[in-house]
Amino acid sequence: MLGAVPCWPTLLAGLLGVGLPTAAFAQLEHPLVGAIRWDAWHGELEAPGLAVERALAPLQYRSRLPWFTEFREDGTPSIRCDRPGVIEAEIQYALEAGIDYWAFVTYPEESALSIPLRQYLAGEWEAAPRFCSIFEWSRFGGPDHYQPVVERLLGYFADPRYVRVLGDRPLLYLLCHGDEHVTAQWGAVDGLRVAVDALRAGAAERGLGDPYIVVTWFHASEAETMRQSLGADALSAYAVPGGTPEGAPFEQSQAQARTYWEQMAAVGPMIPIVSWGWDQRPRVDNPPPWVPNPTPHHYETFTPDQCAEALEAALDWVAEHSDACPANAVLCYAWNEHDEGGWLCPTLGSDGQPDDSRVRAVGEMLAQRRAGL
925 MLGAVPCWPT
935 LLAGLLGVGL
945 PTAAFAQLEH
955 PLVGAIRWDA
965 WHGELEAPGL
975 AVERALAPLQ
985 YRSRLPWFTE
995 FREDGTPSIR
1005 CDRPGVIEAE
1015 IQYALEAGID
1025 YWAFVTYPEE
1035 SALSIPLRQY
1045 LAGEWEAAPR
1055 FCSIFEWSRF
1065 GGPDHYQPVV
1075 ERLLGYFADP
1085 RYVRVLGDRP
1095 LLYLLCHGDE
1105 HVTAQWGAVD
1115 GLRVAVDALR
1125 AGAAERGLGD
1135 PYIVVTWFHA
1145 SEAETMRQSL
1155 GADALSAYAV
1165 PGGTPEGAPF
1175 EQSQAQARTY
1185 WEQMAAVGPM
1195 IPIVSWGWDQ
1205 RPRVDNPPPW
1215 VPNPTPHHYE
1225 TFTPDQCAEA
1235 LEAALDWVAE
1245 HSDACPANAV
1255 LCYAWNEHDE
1265 GGWLCPTLGS
1275 DGQPDDSRVR
1285 AVGEMLAQRR
1295 AGL
């Protein structure tokens, strides 16, 4: 039998008082703050869910468990994002934190990895973060398979909740990790431009605005070459990996992030990546199938105040480098990469209650900043 997370009705009732008017979906003037969602938190429904449960099962990693974790009779964690009330509570936590949009790593629609996205799209929320897609470039599938993908993305662009930059341009992150799959599918990286051009043409035909396509990769010069080949618009990164086997300090992570920003700004338009941590040690102990050889290099776990500081530094960068940051946005790693080391989503506290200290620290910083304090 599963033990329920205590006091969910009380939790939801309190959180539902935290919100924004319906105009929350309108364009905002302050820099847009986005957070990556990687939604493998579905337990036994698919292999990735079981893998992340194994990774976070050891006692030394349980402080990272998502707040909605329950426990089986044998003491192992059961992490199911599809439990009633989870997406509703996460929306309210994101609003409390001041998050403007979620960037969903986008998987096949029927996959359990898409459960939160399906729930989000099916809801009629009075207020919620907007959303966009982080789409792995290999998922376009080649010359004979890309049209359904283009149609899916155009459907997202047509949703009034889809985040836009520079007026009416739907924001799309293209996750470009390694080119071997794309080369196998298209013959060369620039072959994928057929799909990118089709996406732009379809958006134009439907009056959806010209997509603002961001190549997301860790090496600025390589990313700029990809951007030019694909006819994309800007550069960013997915995370800020690094550290040492013993655990490097917060300051080293921030120095690495700033190096990324400077390198990207030197070659093209960019959206700064914000790091809220990097620590794959749970995967080192229990490697998932998709990362067979994770590195133990990591940073010390960020404090809530350091999470706020990391985001504020990126917002300052955008203000100081507006020419390099025309989209007026940042991307944060991450909402819920709990086993990889970057998260803002509340965790399950030692008292069995959600630990929302990171949410509160980031939310307080953003509220003061946006109020001009």
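Under the working numbering, the first residue of the sequence shown is numbered 925, with each subsequent residue one higher. For glycine and all other residues, C-beta sits at the position ideal for the given N, C-alpha and C. Computed from a prediction, not measured in an experiment: that's the story for all the values here.
L956 counts as buried, since at least 16 other C-beta atoms from the protein chains shown sit within 10 angstroms of its C-beta.
Residue pairing from DSSP places A1253 in a beta bridge opposite L956. The DSSP-derived three-state label of L983 is helix.
For V1139, the CB contacts under 6 Å within the same chain, skipping 5 residues up- and downstream, are L1098, C1100, A1147, M1150, R1151, A1156, L1159 in chain order.
DSSP places E1244 in the uninterrupted alpha helix (DSSP H) bounded by 1228-1244.
In this structure R996 is exposed. Its beta-carbon is surrounded by fewer than 16 other beta-carbon atoms within 10 angstroms. Non-local beta-carbon contacts of L1239 in its own chain, meaning distances under 6 Å to residues more than five positions away in sequence, involve P955 in chain order. Distance between D1024 and P1053, taken at the CA atoms: about 5 Å. Close CB contacts of Y1070 within its chain, under the 6 Å cut and outside five residues either way in sequence, are with F1064, A1119 (chain order). Restricting attention to P982, A964, S987, E977, the CA atom closest to the CA of P1270 is found in S987. Residue environment analysis places Q1292 among the exposed positions, since fewer than 16 neighbouring C-beta atoms fall within 10 angstroms of its C-beta. Shown here for V1208: same chain residues with a beta carbon closer than 8 Å to its own, the five before and five after excluded, namely P1218, T1219, P1220 in chain order.
A straight-line Cα-Cα distance of about 30 Å links F1059 and D1279. Its Cα nearest to that of H1222, the residue S1177 stands out among S1177, P1250, I1003. Around the beta carbon of L1154, 16 or more other beta carbons lie within 10 angstroms, which makes this residue buried.
Leaving aside the five residues that flank A1181 on each side, the residues in its chain whose CB is nearer than 6 Å to its CB run, in chain order, V1164, S1199.
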